[in-house]
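Enquirer:
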Amino acid sequence: MFTTPEIVKSLRLSQGYSVTELASKMGCSRQTIYNWEDGVSEPKLSQFLHLCVIVGLNPNNLLPKIPSKMSKTQITDKEFQDDNQQSSTDFTK
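Below is the structure:
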């Protein structure tokens, strides 16, 4: 699993951008980029999405893959809702 600093630096380097160039494209300071890459701070979601647009990356590609089928130990939404409704009814009695 990659950390945010590794992802930010990797995305920047994949496009051959210097810190100064990326900061200019992002509309932020060089120090902000350094802070992200050093793990001092993290980009806001809007900044991270802007970074993805700049480097031409679909941000969904960075998300873990979700299994297509639920495991047998998980309950369905309907079962969860039914249980919560029953609990609410019991509580009000």
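Those letters in the sequence shown? Residues 1 to 93, by full-length UniProt numbering. Yeah, the Cβ is synthetic: ideal placement off N, Cα and C, and Gly gets one too. Just so you know, these numbers come straight off a predicted model, no measurement behind them.
Could you spell out where the alpha helix (DSSP H) holding Y17 opens and where it closes?
Expert: In the sequence shown, counting from the first residue as 1, residue 17 sits at position 17. Y17 -> no alpha helix (DSSP H), and no H or E assigned at all.
Enquirer: By Cβ distance below 6 Å, which residues in the same chain neighbour V55 in space, the five residues on each side in sequence not counted?
Expert: Numbered from its first residue, the sequence shown carries residue 55 at position 55. Closer than 6 Å at Cβ, skipping near neighbours: L11 and Q15.
Enquirer: Could you tell me whether the Cβ atoms of E37 and K9 are closer together than 7 Å?
Expert: The residue given as residue 37 occupies position 37 in the sequence shown. The residue given as residue 9 occupies position 9 in the sequence shown. Yes; because the gap between Cβ atoms is below 7 Å, this pair is in contact.
Enquirer: At the level of alpha carbons, what is the spacing between N60 and S46?
Expert: For the purposes of this step, residue 60 is identified with residue 60 of the sequence shown, where counting begins at 1. For the purposes of this step, residue 46 is identified with residue 46 of the sequence shown, where counting begins at 1. Going by the C-alpha atoms only, they are around 14 Å apart.
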